[in-house]
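To start, the structure under review is shown below, and the notes come after it.
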Ligand SMILES: [Zn+2]
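In the working numbering, the protein residues as written are 200 to 293.
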């Protein structure tokens with residue numbers, strides 16, 4: 200009986216695992232790939248979504264971007280910072 204229970208448990212485990220991994224497989228996780236657009240330094244409102252409240256660029260883990268678009272985003276955010284459309288650091292912290 201004990202063995203039967205363990206088999207049942209392992210079946211449940213594999214089901215939950217496959218469920219977890221197939222969750223994001225249908226649509227592209229990267230918003231730029233999905234919407235077929237490229238990041239632009241002139242669109243500072245949109246780029247601010249990819250930054251923290253402190254003005255730091257969020258990592259790929261948080262934004263869900265692919266490597267190519269994350270690289271492009273960080274470049275465009277730095278361009279937007281240079282022409283003062285985005286902050287290097289949020290005000291009121293110092
Ligand atoms: Zn992408």
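Think of the CB as a built atom: it goes at the ideal place given N, C-alpha and C, for glycine as much as any other residue.
Give the single residue among the options whose Cα lies nearest to the Cα of residue i.
| i | options | result |
| --- | --- | --- |
| residue 362 | 260, 250, 241 | Outside the shown range of the chain (200 to 293) lies residue 362, about which nothing can therefore be said. |
| residue 236 | 278, 268, 277 | 268 |
| residue 233 | 277, 257, 274, 263 | 263 |
| residue 284 | 242, 231, 238 | 242 |
Please tell me whether residue i and residue j are closer than 8 Å, where the distance is taken between their beta carbons.
| i | j | result |
| --- | --- | --- |
| residue 252 | residue 226 | no |
| residue 272 | residue 246 | yes |
| residue 240 | residue 278 | yes |
Quiz prompt | Sequence-ordered residues whose beta carbon comes within less than 5 Å of a heavy atom of ligand 1 | solution = 229, 231, 232, 265, 268
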